[in-house]
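Structure record follows, encoded as structure tokens.
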Amino acid sequence: MAVVINLTLADDINTSIPTPSPWFEGYSIVYYISVAVLLQLSALINSLIILVVCCTPRLRTTPYVFISSLAVCELLFAVFITARSVIASNGLLTGNWPGFGHIIVRVMIFIWLATLCSNYTNILLISLERWLYITQPFLHVKMNRTLLVVSSLIFAWAIPLVTNVELITEEDINYQLRLRLAHLFPAFHAVWSGALCAIYVHICVITRRQIRVICKLTIPAERPGRRSPGGSGFKHVRANWKTFKLLVLVCGTFFVLNTPGILFNIYLHSKGCENYWSDVPWYIKFLTVIHNCSNYFIYVHQDRTFYTVCCGHFRRVRSFLPNYQVEMSSGLNKGHSMSRISRPSSIPSMSVTT
Numbered sequence: 002m003a004v005v006i007n008l009t010l011a012d013d014i015n016t017s018i019p020t021p022s023p024w025f026e027g028y029s030i031v032y033y034i035s036v037a038v039l040l041q042l043s044a045l046i047n048s049l050i051i052l053v054v055c056c057t058p059r060l061r062t063t064p065y066v067f068i069s070s071l072a073v074c075e076l077l078f079a080v081f082i083t084a085r086s087v088i089a090s091n092g093l094l095t096g097n098w099p100g101f102g103h104i105i106v107r108v109m110i111f112i113w114l115a116t117l118c119s120n121y122t123n124i125l126l127i128s129l130e131r132w133l134y135i136t137q138p139f140l141h142v143k144m145n146r147t148l149l150v151v152s153s154l155i156f157a158w159a160i161p162l163v164t165n166v167e168l169i170t171e172e173d174i175n176y177q178l179r180l181r182l183a184h185l186f187p188a189f190h191a192v193w194s195g196a197l198c199a200i201y202v203h204i205c206v207i208t209r210r211q212i213r214v215i216c217k218l219t220i221p222a223e224r225p226g227r228r229s230p231g232g233s234g235f236k237h238v239r240a241n242w243k244t245f246k247l248l249v250l251v252c253g254t255f256f257v258l259n260t261p262g263i264l265f266n267i268y269l270h271s272k273g274c275e276n277y278w279s280d281v282p283w284y285i286k287f288l289t290v291i292h293n294c295s296n297y298f299i300y301v302h303q304d305r306t307f308y309t310v311c312c313g314h315f316r317r318v319r320s321f322l323p324n325y326q327v328e329m330s331s332g333l334n335k336g337h338s339m340s341r342i343s344r345p346s347s348i349p350s351m352s353v354t355t
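The numbering of the sequence shown is this note's numbering, which starts it at 2 and goes up by one.
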């Protein structure tokens, strides 16, 4: 997880300059350039998610509010990782570390761990909301209120802040960091994984039962062009299945790309290793940065509503460019329609009003 990046901060806490690792030579330049590009891409696309949700009344629904909250977590992570990297790079190049470096490190460690916990809580909120929609639709309508949504967001952000406040107030930050890396976050990760697996298994079971019931109740069409009574039911089941697929992709990428960091933290602290410049943390950092860029592409490819809204905003932006009208007119003269864009299948269940 993002926590692994904090393993390189032990020397920074004492405001000293760490010994440069072999990664600063040769092909390591490609590594740092790749991380920098991914961080900037993460900041850009997560900002785009937040802007699209805020500027589109169609997306001001409970699922997209939780998705935008998750995007805020990843945006903060990308911004502060970039800021920390700039400060550390300046120290490595000039040999000078600011006198208030320990304060900067404390604040950044606090923000990193807070965004880590927020990732867990926001993904859990998204999954619980979809689980409630599919398994208990009537209860979902009763609970889908603005006050409850706002309370859930406050709860999702209050837990990380309260859990990690000791990183700022306590003197021994090394002990607090070690406690979280070796015990708190691995336990939290295990509980979260078990809860998410139970939710997804239940959603899968309910969806399969719905398919069986609809298949039994479906009456074949007696005339050409007559629609089967089970058509609307199948449409609802397909929508639920696509929602399930979206959840699995979002949480699956989170689990696959971040579990190695959790396991490495457990191994590192159980063995009492202090080799902060080993090669493994660098690979894990790269996986963490890749995860920060993944959710936007999942939304675009799996959610037709989000995809359509993004395309509409892009068209409005392109309308201000001088060459857009020329390209559109040339396309019409050739008999091509500029509005024909291949779109992924729809997830109508995502548009639940608050």
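Cβ atoms here follow ideal geometry from the backbone N, Cα and C, with glycine treated the same way.
From a predicted model like this one, the values you see are computed outputs, not experimental measurements.
Query: Span separating the alpha-carbon of Thr306 from that of Tyr268; Result: 43 Å
Query: Nearest-angstrom beta carbon gap, Val54 and Tyr65 [assumed within contact, 8 Å]; Result: 5 Å
Query: C-beta atoms of Ser43 and Asn293 nearer than 7 Å; Result: yes
Query: Inter-residue spacing [alpha-carbon to alpha-carbon] between Phe189 and Ser86; Result: 28 Å
Query: Coil, strand or helix - Gln137 by DSSP; Result: coil
Query: Neighbour-count burial assignment, Cys252, 16 or more Cβ in a 10 Å radius; Result: buried
Query: First through last residue of the alpha helix (DSSP H) which encompasses Ala157; Result: Thr147 to Thr164
Query: Exposure label - Val36; buried when at least 16 CB within 10 Å; Result: buried
Query: Distance, Met109 Cα to Phe287 Cα; Result: 18 Å
Query: Cβ pair Ile50, Tyr297 closer than 7 Å; Result: yes
Query: Best match in Glu171, Arg181 and Leu149 for proximity to Leu117 [C-alpha to C-alpha]; Result: Arg181
Query: Pro187 and Ile285 closer than 7 Å at C-beta; Result: no
Query: Residue environment, Asn175, which counts as buried when at least 16 other CB atoms sit within 10 Å; Result: exposed
Query: Ala199 versus Leu140: straight-line alpha-carbon distance, rounded; Result: 19 Å
Query: Reduced DSSP secondary structure (H/G/I, E/B, other) of Glu130; Result: helix
Query: Buried versus exposed, by CB contacts within 10 Å (16 or more), Ile30; Result: exposed
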